[in-house]
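Protein chains: 2
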Amino acid sequence: MKYMKKSFSNMEPYFSKLITDGIIMNANESPVNPPKAILDEFYETIKNVDFNRYPDMAEEALCEALANHYNVKKNEVTVGVGSDELLDVTFRAVLEKGDNVVGFSPSFSMYKVFTELMQANYIAVYGDENYIFNVDDMIKVIKQYNPKMVLICTPNNPTGQHLNKNEIIKVIESTNALILLDLAYIDFAEEDYIDLASKYDNVIGFKTYSKAMALPSIRVGYAISNEDNINMIKAVKPPYSVTTLSQIMATIAIKNFDLYKNQINDIKNERDRLFNELNNLGFKVYPSSANFIFVVMDDKYNDLLLENKIYIRKFNKGIYRISIGTKEENNKLLEVIRNAK
Amino acid sequence: MKYMKKSFSNMEPYFSKLITDGIIMNANESPVNPPKAILDEFYETIKNVDFNRYPDMAEEALCEALANHYNVKKNEVTVGVGSDELLDVTFRAVLEKGDNVVGFSPSFSMYKVFTELMQANYIAVYGDENYIFNVDDMIKVIKQYNPKMVLICTPNNPTGQHLNKNEIIKVIESTNALILLDLAYIDFAEEDYIDLASKYDNVIGFKTYSKAMALPSIRVGYAISNEDNINMIKAVKPPYSVTTLSQIMATIAIKNFDLYKNQINDIKNERDRLFNELNNLGFKVYPSSANFIFVVMDDKYNDLLLENKIYIRKFNKGIYRISIGTKEENNKLLEVIRNAK
């Protein structure tokens, strides 16, 4: 690419084809739409939208609704195009070329991309032979590399491991680096850790509408922290990035978060069932607190699933991440695997 | 801001309050919604959207519709969250810290912001005492500063000046730098210059749904260039930034672009009328090929307009940009000004 700067010469355009037919279990999406009452209110509200006007640059109604939900002040929250945009903006605000960032590996792949975009260094902290992360390893690496930022994704994508709250606090208190606490999947765990973002000045918590809230289509994420950190994000974030319709839908959804309880519980129950079934079938499955499970499985099973239009995510040869589907979808997947055993 | 990198210490969060009441002529928006047939098709299409799925990462249907409309190949176009995101991504792909960028001044304010985000230098080429830009001045500055990128916005925001096509070609042929040709307002001019982006390897053309297409709410812009330049943008652009609903609306709108003709003509006619009326009232008004006019006007008129809830954009003491409203809105503005004369 003729005009690309030399330091980016390894970057390539990448696309995964949109799948519209079959059973989609490869992107950690919700297998079902948001509750009907939320969709109904959305359709009703957008009847009179001024499409010819820019979105509210301050995302005021949405930030207010989020602040109410999490019992923080309105200026302690900001929203973006998925948590992706907010993570990217934070990287841009904090990092100079050559700075260090510490995070576990494997984890959400965009952390490395955002680091590379800043020409910074991603120092990976690996788990044991079972991919189990240890915060003491992370603290050691932090002392050694003196990073500007530390990434913690819990429950972790793609392994599913959920760190104990005290373990996270141990990391937070070990460093002055800024901790980016990615809680994308935490609504599938037993307890939210977002209060850590209010308790510690060096923590920004990130959450998203794309997982438990079943709204990846609208691309909304949010960050919670003290006002100073939120102002830093706001100062670098491009204006008007969250569309009017997305602001409307996100506001309605968070105000009606209680309505999600059943479908979140269904996913958790199905996750635990799928874990047990695959475990009983003799696969090595990793305990997960998210809406997916990480499993060691011969590639032949994936070939069969593909033949049946069931799409799961391959990480390495023999290593897969399966997003939890509906009961029927999970049964279909289990049936294909069982028949091949 | 404690964690902000030192080189960004001058950045501050900025918000303009959303105006929902009154006559809004400060953001170069369309005074009317898109044609009803487009909205109707949108509402009909989104009845069965899978909100629980990510948007199409390749924005395939939309890119195909744009490619058809502009008679280019599908891989010669890409879309983003307004042209803003695509401009920002191009800056990130091309610029190293300390690189030079050349552009006219005053022009779209985000060019400078994107330059600063890259810690690059924005070299401004000023117009004459009437804000009239001269491409020979620009070519001189290009020779002197050897920029990586050159920004040309035509018709120019906020001055309204529209460069002659041959003048732009003169700049393009004078340099190997990448030319970012921002055509946000060109559908209000007599002829589109987007074909220059296909003819010259060092040109990327940017257009938007936010102006003539009356859809700033959906935040969609697009870039057209050769495949190599488009791949560069795709390699750096974050995935899934354009929401599902925005992709749907944008696809419908471009397929029905002909339906916009009347409302675009209305705006052009009103622009010319407003120019003449203000001119006859003795104000210094600058010729505009866009959906706004640039005018020298004592601040007392703005105070009166504000009292009447008519919002225009102040640039400097006594310098204003007025976005074209409906006939009734423009009459209301003229009435307030006339009464104060």
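If you read the protein sequences in the order shown, they are chains S and V. The first sequence begins at 915 in this note's numbering and counts up by one. The second sequence begins at 915 in this note's numbering and counts up by one. Even glycine gets a Cβ: it sits at the ideal position worked out from N, Cα and C. The structure displayed is predicted, hence computed values, not measured ones.
Here R1006 of chain S carries a helix assignment [DSSP, helix/strand/coil]. For A972 of chain V, the residues of chain S that pass the 9 Å Cβ criterion are F929, S930, K931 and L932, in the order they occur in the chain.
In the three-state DSSP reduction, Y1025 of chain V falls in the helix class (H, G or I). By the rule that beta-carbons nearer than 8 Å mark a contact, D1142 of chain S touches chain V.
If you check the CB distance, V1016 of chain V and V1039 of chain V come in under 8 Å. If only uninterrupted beta strand (DSSP E) runs of at least 3 residues are considered, those enclosed by the segment 971-1006 of chain S are 991-994. Proximity of G996 of chain V to chain S, defined by a Cβ-Cβ separation below 8 Å, is satisfied. With a minimum length of 3 residues, the unbroken runs of beta strand (DSSP E) contained wholly in the segment 1074-1116 of chain V fall at 1092-1096. The straight-line gap separating the alpha-carbon atoms of Q1058 of chain S and K1011 of chain S is approximately 19 Å. Here the alpha carbon of M971 of chain V sits roughly 47 Å from the alpha carbon of L1192 of chain V. Annotated three-state conformation of T959 of chain S is helix, per DSSP. Per DSSP, L1065 of chain S is one residue of the beta strand (DSSP E) stretching across M1063 to C1067. In the assembly as shown, S923 of chain S is an exposed residue. Its beta-carbon has fewer than 16 other beta-carbons within 10 Å.
Below 8 Å, enough C-beta pairs join the segment 1168-1177 of chain S and the segment 936-953 of chain S to call them touching: three or more.
At a cut-off of 8 Å, the C-beta of N985 of chain V has no neighbouring C-beta in chain S. Nearest C-alpha to N982 of chain V among V:A1103, V:N1060, V:I1138 and V:L1077: V:I1138. F1120 of chain V is bridged by DSSP to V:D1096 and V:A1137. Annotation: K1169 of chain V is outside any beta strand (DSSP E); the continuous alpha helix (DSSP H) that includes it extends over T1158 to K1169.
Among the CB atoms of chain V, none fall inside 8 Å of the CB of S1112 of chain S. Residues of chain S with a Cβ closer than 8 Å to the Cβ of I1132 of chain V are, in chain order, F965, T1157, T1158 and L1159. Between the segment 1172-1187 of chain S and the segment 918-932 of chain S there are fewer than three C-beta pairs closer than 8 Å, too few to call the two in contact.
In the structure shown, A951 of chain S adopts helical secondary structure according to DSSP, grouped into three states. Residues of the segment 989-1019 of chain S with a Cβ closer than 8 Å to any Cβ of chain V, in chain order: V995, G996, D998, E999, D1002, R1006, A1007, V1008, L1009, E1010 and K1011. In this structure V1055 of chain V is buried. Its beta-carbon is surrounded by 16 or more other beta-carbon atoms within 10 angstroms. The closest CA to that of A1103 of chain S, considering only S:M1163, S:T1068 and S:R1227, is found on S:T1068. Per DSSP, the beta-bridge partners of V1016 of chain S are S:I1037 and S:V1064.
For the 8 Å CB-CB criterion, I952 of chain S and I1166 of chain S form a contact. In the structure shown, N1193 of chain V adopts helical secondary structure according to DSSP, grouped into three states. For P969 of chain V, the neighbours in chain S by C-beta distance under 8 Å run, in chain order, P1130, S1131 and R1133.
Going by beta carbons, I1037 of chain V and P1061 of chain V fall inside the 8 Å limit. L1110 of chain V has its alpha-carbon roughly 28 Å from the corresponding atom of P1152 of chain S.
Cβ-Cβ distances below 7 Å link S1155 of chain S to G994, V995 and E999 in the same chain, with the five nearest sequence neighbours on each side left out; the list follows chain order. Around M925 of chain V, the beta-carbon contacts reaching into chain S at under 7 Å are A1149 and V1150.
Distance from the CA atom of F1018 of chain S to the CA atom of F1229 of chain S, rounded to whole angstroms, is 16 Å.
With fewer than 16 other Cβ atoms from the protein chains shown falling within 10 Å of its own Cβ, T934 of chain S counts as exposed. Relative to the Cα of T1157 of chain S, the nearest Cα in the group S:L1009, S:E958, S:V963 and S:T1004 belongs to S:V963.
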